[in-house]
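Visitor:
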Amino acid sequence: MFTLFSCNSKINAGLAEQQLRANHASLPDTFSNSEVSYSNSAASLWRVAKAYWADKREHALPTKQIPVETLTADALAKIDNDSVIKLGHSSVLFKFAQQYILTDPVFSDRASPVQWMGPKRFHPAPITIEELPPIDAVVISHDHYDHLDKQSIQALAEKSRYFVTPLKVGRHLLDWGIPAEKIIELDWHQHHLLGDLRLTATPAQHFSGRGVSDKDETLWAGWIIESPQSRVFYSGDSGYFNGFKAIGEHYGPFDLTLIETGAYNSLWKEIHMLPAESLQAHLDLKGTVMMPVHNSTFDLALHDWNEPLVTISALATKSSVSLSIPKFGEIIEIHQAGTTNTPAWWLED
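Structure representation (structure tokens):
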């Protein structure tokens, strides 16, 4: 009986992979934004290269240790539903309706194709993958290295029930050994029900690719996570566009928005929001509390490491926007996020 079951399982797994790859073959060769066509032209790359050569930042890296609250498996088992924990960059752990959702997990030391060079972490992760609870869904926004980390995905293969991605991102996961039956791919505005949770992919203004020849071959997206008690928006990576207002009108309001605020520059503002635009996106989305993400873990731009949080804090105060900037590893109840009194840990003496 065991041999027969094992054989049938392998056949079913093979059929699932065949079906997923057939779905990929039926999709467009490349994807595009709804408003802006972004291209890495030789001229634009030259402007970026010149800016990096002229870089004279004094605070590209932290001069003191970034505070991290170490998490344990026992502590996570006791947290309340509708809680959120920033683990680093855009890696965030949620607990909704007794289910754990993990966004864009990057636990490696570097956001890079290789681990001997590339942007290196400013701080350790608050918890190891081994100590994480069973994950009901790993949600991926797009396939760039600071959001889709091969080592982390492979380490999560046995621990995670599903991997929910935009269209064709699953082909990376297949190549890395993730079973096709665990991979759920969605187009913009499609959703997947996971018990009492609804995961919805939303438009974003960005691009994709992990090499020089695969630009835009996979889709990018923001995500809405809805539980019976909470509605949360995660922007993924995006330039500012009218889509945020449309999402707010159709799906909002949101109890919490996790908005990309970091790795920006005027040279590439079409695909990464400047802080004022991040704040406007939160307002467009009809968010109650904004939590800035995509900052303070890797050096991916030409601003000081803490500039995004310094700037967004000032803008939020001026506009009377409720902001939550927890320490990495700090457990935040979503409906209390705007009242949490976390010291401004990003300020340097």
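Residue numbers (our numbering): 115 to 463.
No residue lacks a Cβ here, since even glycine has one placed at the ideal position from N, Cα and C.
As the structure is a computational prediction, the values presented were derived from the model and not from experiment.
1. Could you tell me whether the Cβ atoms of Phe347 and Thr371 are closer together than 7 angstroms?
2. With the cut-off set at 7 angstroms, would you say Asp260 and His203 are in Cβ contact?
3. Would you list the one or two residues that DSSP bridges to Val346?
4. I'd like to know if the stretch 322 to 335 and the stretch 156 to 171 are in contact, where contact means that at least 3 CB-CB pairs between them fall below 8 angstroms.
5. Below 6 angstroms CB to CB, which residues in the same chain sit around Gly401 once its five sequence neighbours on both sides are set aside?
6. Could you check where the beta strand (DSSP E) with Leu358 kicks off and where it finishes?
7. On the premise that Pro238 lies in contact with Val182, defined as a C-beta separation below 8 angstroms, what is that separation, rounded to the nearest angstrom?
8. Quick one: complete alpha helix (DSSP H) runs, 4+ long, within the stretch 220 to 305?
9. Flag this pair as yes or no: are the beta carbons of Gly353 and Gln394 separated by less than 7 angstroms?
10. Taking just the CA atoms, how far does Glu374 sit from Met405?
11. By the 10 Å Cβ neighbour count, where 16 or more other Cβ atoms means buried, how is Gln450 classified, buried or exposed?
12. Which class does Lys200 belong to by DSSP, given the choice of helix, strand or coil?
13. Looking at the secondary structure, which residues open and close the alpha helix (DSSP H) in which Ser205 lies?
14. Look up Ala315 in the DSSP assignment and say whether it is helix, strand or coil.
15. Write down the C-beta distance between Phe321 and Ile385 rounded to the nearest angstrom, noting that I regard them as a contact closer than 8 angstroms.
16. Please go through the same chain and pick out, in chain order, the residues whose beta-carbon is closer than 6 angstroms to the beta-carbon of Ser205, but skip the five residues on each side of it.
Guide: Let me spell this out:
1. Yes, the Cβ-Cβ distance between Phe347 and Thr371 is below 7 angstroms.
2. Yes. Within cutoff.
3. Ile339 and Leu370, per the DSSP bridge assignment.
4. Short answer: they don't touch.
5. Apart from sequence neighbours up to five positions away, the residues of its chain that approach Gly401 with a beta-carbon distance below 6 angstroms are Phe368 and Thr371, ordered along the chain.
6. Note that residue 358 is Phe in the sequence shown here, rather than Leu. Segment Gly357 to Tyr365 is the alpha helix (DSSP H) holding Phe358; no beta strand (DSSP E) there.
7. Taking a contact as a CB-CB distance under 8 angstroms, the pair Val182 and Pro238 counts as one, their CB atoms being some 6 angstroms apart.
8. Along the length of the stretch 220 to 305, whole alpha helix (DSSP H) runs at least 4 residues long occupy 264 to 269 and 284 to 289, reported in chain order.
9. Note that the C-beta distance between Gly353 and Gln394 is not below 7 angstroms.
10. Rounded to whole angstroms, Met405 to Glu374 spans 9 angstroms at the Cα level.
11. Exposed, by the Cβ-count rule.
12. Reduced to three states, the DSSP call for Lys200 is strand.
13. Bounds of any alpha helix (DSSP H) do not take in Ser205; it lies within the beta strand (DSSP E) bounded by Ser205 to Phe210.
14. Ala315 falls in the strand class under three-state DSSP.
15. Between Phe321 and Ile385 the beta-carbon gap is near 6 angstroms, inside 8 angstroms, which marks them as a contact.
16. Taking C-beta separations shorter than 6 angstroms and ignoring five residues to either side along the sequence, the partners of Ser205 in its chain run Asp218, Pro219 and Val220, following chain order.
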